[in-house]
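Written out below as structure tokens is the structure these notes cover.
Number of protein chains: 2
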Amino acid sequence: MWYENMDEPEKPKRGRPSKMNAESVLDTATKAYWRRDPADVSINSICEMAKVSKPALYREFGNEDGLMAAVLERYAEQVLSEIFDILAKAMPVPETLNALRRFASDSVTMETGCVFYKMRAGKHRLGPITRSRVEAIDTGAVDAFKTYLEARRLDGGWTNAVPTAVAARYLVEQLGLALTQRAAGEDPDQVRGTLELALAAIR
Amino acid sequence: MWYENMDEPEKPKRGRPSKMNAESVLDTATKAYWRRDPADVSINSICEMAKVSKPALYREFGNEDGLMAAVLERYAEQVLSEIFDILAKAMPVPETLNALRRFASDSVTMETGCVFYKMRAGKHRLGPITRSRVEAIDTGAVDAFKTYLEARRLDGGWTNAVPTAVAARYLVEQLGLALTQRAAGEDPDQVRGTLELALAAIR
DNA sequence: ATTTTTACGTACCGAGTGGTACGCTTTTCT
DNA sequence: AGAAAAGCGTACCACTCGGTACGTAAAAAT
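Respectively, the protein sequence lines represent chains G and C. FYI, the numbering for the first sequence is 1 to 203, going by the working numbering. FYI, the numbering for the second sequence is 1001 to 1203, going by the working numbering.
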């Protein structure tokens, strides 16, 4: 999203021009956090992979907490949004659950798990900024599920007796479980089987 | 289990007598792994807490892998056995599920989670011995659930359509999820609510 | 040309990790 | 008494971690 037609497309800045590309560093870090456990990804290794010096990275993101928070922010916009989009479509419950199941247990993008759930699993290791963002996203997700389910209850498409709050939290946790299993490299059939069984409790 | 009436209760050994108490070290280590994430518990801190020098610990257990494996072994006998005992009682499915739910989501002993599931969650960080024990316990647990469910199916106490293999794996995972939630300090009501909903899929 | 501003990156820091070398002590056997 | 055996623990090892001090390079302003 680099501005083209803004007032001052050319503004010669003083000082040595920066050759650091924050976006590419975020790309590299995101990939690393996505593949491996974030707790096992060192700043050193990220610098190496992104071909950036350590001070350059620290100038841009402050510290590890800042980097992880920035990664999580972008990840939420670009990847987690898919989940919210599915809910926003306001489809009937069975279709929605199926879409969620496909996303969590079958999609190749989630093959090595989910950055958000990985961070959440090691919440106690996170810095304050990242941790609070993780918690905010978590409650935001529960809220989104809650409003979706309440809407289906109102339009008569969902007559399950379980309270929406419980069901919403349940769905967030079951998605997390499936994504964690995929991150651990478990047999895809087992992941799918477990998630299908879990989602059946909501239907 | 120290032998009392064995042939040679008094066997004067050569060399300086050992003042290292392996059991007390295992106690300390188990407590530490139980409270915190095993990956966050250093050998140094265990030595400090157990008042044992580091070489003494290494003489006894070889390395961190040996210590963790020893801890896990004892933990499986003393704690995990409760789960197997519940299954061995061969009670009807609803009672069994209730007992399992109580154990996982309500018992004070599982208040800070479960050593086994914590180790399993960080499987990639474990040494070879501990990892293979974790995997063995995991498949052993699934097998126990499987034989339990097959027996209930035979005596007509369980008519669910889901394959026993899937249900068994499912139960192991749901128990793990609840225990992980407890370890993370989540609201007990939410943990119970999620687990109840999950177990309802089996009933 | 010189000063100012800014970003660069090498080379370091202290703390903590898992693990061990080695001299010392305490015991039994000869 | 002395040798042999065994466990003791201080004080170290190499390594990795997150984070930074500081001299230098590159641009605009004077």
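Cβ atoms here follow ideal geometry from the backbone N, Cα and C, with glycine treated the same way. Remember, predicted model here, so these are calculated numbers, not experimental data.
Item: Can you tell me whether G/V134 is buried or exposed? The criterion is at least 16 other CB atoms within 10 Å of its CB, across all chains shown.; Value: buried
Item: Mind checking the stretch 1188-1202 of chain C against chain G and listing, in chain order, the residues whose C-beta falls within less than 7 Å of any C-beta there?; Value: Q1190, G1193, T1194, L1197, A1198, A1200, A1201
Item: At the level of alpha carbons, what is the spacing between G/L97 and G/A88?; Value: 13 Å
Item: Do we get a CB-CB distance below 8 Å when we pair C/R1173 with the residues of chain G?; Value: In the sequence under discussion, the amino acid at residue 1173 of chain C is Glu, which differs from the Arg named in the question. Answer yes: the Cβ-Cβ gap between C/E1173 and chain G drops below 8 Å somewhere.
Item: Between the Cα of C/T1130 and the Cα atoms of C/P1188, C/V1071, C/A1151, C/M1091, which residue gives the shortest distance?; Value: C/V1071
Item: With a cut-off of 8 Å, does the C-beta of C/V1079 fall near any C-beta of chain G?; Value: no
Item: On the three-state DSSP scale, how would you describe G/P128?; Value: helix
Item: Counting along the chain, where does the alpha helix (DSSP H) carrying C/D1027 start and finish?; Value: 1022-1035
Item: For C/L1100, go through chain G and note every residue whose CB falls closer than 9 Å to its CB, in chain order.; Value: Those do not exist, as C/L1100 stays about 16 Å from chain G at its closest Cβ, beyond 9 Å.
Item: Are any of the Cβ atoms in chain G nearer than 8 Å to that of C/D1170?; Value: Looking at the sequence provided, one finds Tyr at residue 1170 of chain C rather than Asp. Yes, C/Y1170 counts as interfacial toward chain G.
Item: To the nearest whole angstrom, what separates the beta carbons of G/M20 and G/A56, a pair I think is in contact under 8 Å?; Value: 5 Å
Item: Contact criterion: CB-CB distance below 8 Å. Does C/E1008 meet it with respect to chain G?; Value: In this prediction, C/E1008 scores a pLDDT of 44, lower than 50, which makes its location untrustworthy; the coordinate-derived value is nonetheless stated afterwards. No, C/E1008 lies away from the interface with chain G (no Cβ there is under 8 Å from its Cβ).
Item: Going by the CB atoms, is the gap between G/M110 and G/L179 shorter than 8 Å?; Value: yes
Item: Quick check on this structure: which residue in G/E196, G/L171, G/S132, G/R102 has the alpha carbon closest to the alpha carbon of G/T147?; Value: G/L171
Item: Pick out whichever of C/F1116, C/R1153, C/L1154, C/E1150 has its Cα sitting closest to the Cα of C/M1136.; Value: Met is not the amino acid found at residue 1136 of chain C; the sequence shown has Ala there. For C/A1136, the nearest C-alpha among the options comes from C/F1116.
Item: Does G/K31 come within less than 8 Å of chain C when only Cβ atoms are used?; Value: no
Item: If we count the other Cβ atoms within 10 Å of its Cβ and call it buried at 16 or more, is C/E1095 buried or exposed?; Value: exposed
Item: For the stretch 1021-1028 of chain C and the stretch 1041-1055 of chain C, state whether three or more C-beta atom pairs, one from each stretch, are separated by less than 8 Å.; Value: yes
Item: Taking C/K942 as the query, report the chain G residues whose CB atoms sit under 7 Å from its CB, ordered along the chain.; Value: Any question about residue 942 of chain C goes unanswered here, given that chain C covers just 1001 to 1203.
Item: G/T112 by DSSP, collapsed to three states: which one?; Value: coil
Item: Contact between the stretch 152-161 of chain G and the stretch 119-128 of chain G is defined here as three or more beta-carbon pairs at a separation below 8 Å; is this criterion met?; Value: no
Item: Is the beta carbon of G/A168 sitting closer than 8 Å to the one on G/F145?; Value: yes
Item: Anything in chain C within Cβ reach of G/V162, meaning under 8 Å, just list it in chain order.; Value: L1197
Item: Restricting to Cα atoms, I'd like to know which of G/A39, G/P17, G/E77, G/G156 is closest to G/V93.; Value: G/G156
Item: Using a C-beta cutoff of 8 Å, does C/R1014 count as contacting chain G?; Value: no
Item: Here's the rule I'm using: 16 or more other beta-carbon atoms within 10 Å means buried, otherwise exposed. How should G/Q78 be labelled?; Value: exposed
Item: Three-state secondary structure (DSSP) at G/D138?; Value: helix
Item: Measuring CB to CB, does C/T1030 end up less than 8 Å from C/R1074?; Value: yes
Item: Which residues in chain G have a C-beta closer than 7 Å to the C-beta of C/L1177? List them in chain order.; Value: E173, L177
Item: Taking C-alpha atoms, which residue in C/T1159, C/A1161, C/T1194 lies nearest to G/L175?; Value: C/T1194
Item: Could you tell me if G/D37 is buried or exposed, where buried requires 16 or more neighbouring beta carbons within 10 angstroms of its beta carbon?; Value: buried
Item: Within 10 angstroms of the Cβ of C/R1016, are there 16 or more other Cβ atoms? Answer buried if so, exposed if not.; Value: exposed
Item: For G/A161, tell me which candidate among C/S1132, C/S1042, C/G1140, C/L1197 has the shortest Cα-Cα distance.; Value: C/L1197
Item: Kindly indicate if chain G contains any beta-carbon less than 8 Å away from that of C/V1115.; Value: no
Item: Here's a check: name, in chain order, each residue in its chain whose Cβ is nearer than 6 Å to the Cβ of G/A201, leaving out the five neighbours to either side.; Value: none
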